Amino acid sequence: MTTPQRLQTVRRVQMAMAVAYGGLGAWCLLHPASVIALGFTPPYVALAANNPTTDLFARCFGAQAMTCGLVLGTSQMTAFSFTAFGLAMVPYLAWNFWFSGVGPKAGMVSGLMVVDFFGNLGFLGGSLWCARVLREVEEDEDGKRK
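Every letter in the sequence shown is one number past the one before it in the UniProt record's numbering, and letter 7, counting from 1, is 7.
Structure follows, in structure tokens:
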């Protein structure tokens, strides 16, 4: 693959992550009740139903995710920024694990949250892959300059 093709692939991965973040954030912002109903088990959905605080928190989370998607989609990402973004996914993976499997609130989230887990893995893997490609391109350019 040529350098321009590699850079275009990195940009496509970046845009896919931006669209995913922005789209899912918009869903949380515009229809938090459906996100809560799908994301949590029935006992917790019953606690959250018609709760203005839960609704507000879901909408705030959605607004932050939309902002993240906007920044991700409009930024000129570097190897360092992709690495930082990828590593920022680790706490989300820990959250998925803690609330889905082993923590004191195991069983709080529904089985559909496995999709969130794999999405976070995708963000981590995609970010680290993009960082690696950008580092390789940078090294190739440095080698040509010498």
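All C-beta atoms, glycine included, are put in the ideal place defined by N, C-alpha and C.
In this text the structure is predicted, and so the values were computed from the model without any measurement.
Please list, in chain order, all residues of the same chain as residue i whose beta carbon is under 8 Å from its beta carbon, the five residues on each side excluded.
i, result
"residue 156", "The structure shown does not extend to residue 156, since the chain is modelled only from 1 to 146, so the question has no answer here."
"T9", "M1 and V133"
Can residue i and residue j be called in contact, C-beta distance under 7 Å?
i, j, result
"M108", "F99", "yes"
"A79", "R135", "yes"
"T41", "S110", "yes"
"M89", "F123", "yes"
"A18", "G69", "yes"
"V45", "A37", "yes"
Count the other C-beta atoms from every protein chain shown that fall within 10 angstroms of the C-beta of residue i, then say buried if there are 16 or more, exposed otherwise.
i, result
"F82", "buried"
"S75", "exposed"
"S34", "exposed"
"L56", "exposed"
"L72", "buried"
"P32", "buried"
"M15", "exposed"
"A106", "exposed"
"G126", "buried"
"N51", "exposed"
"A48", "buried"
"G62", "buried"
"G103", "exposed"
"G39", "buried"
By Cβ distance, which residues of its chain are closer than 6 Å to residue i, with the 5 residues on each side in sequence left out?
i, result
"C130", "V10, V13 and F82"
"A94", "none"
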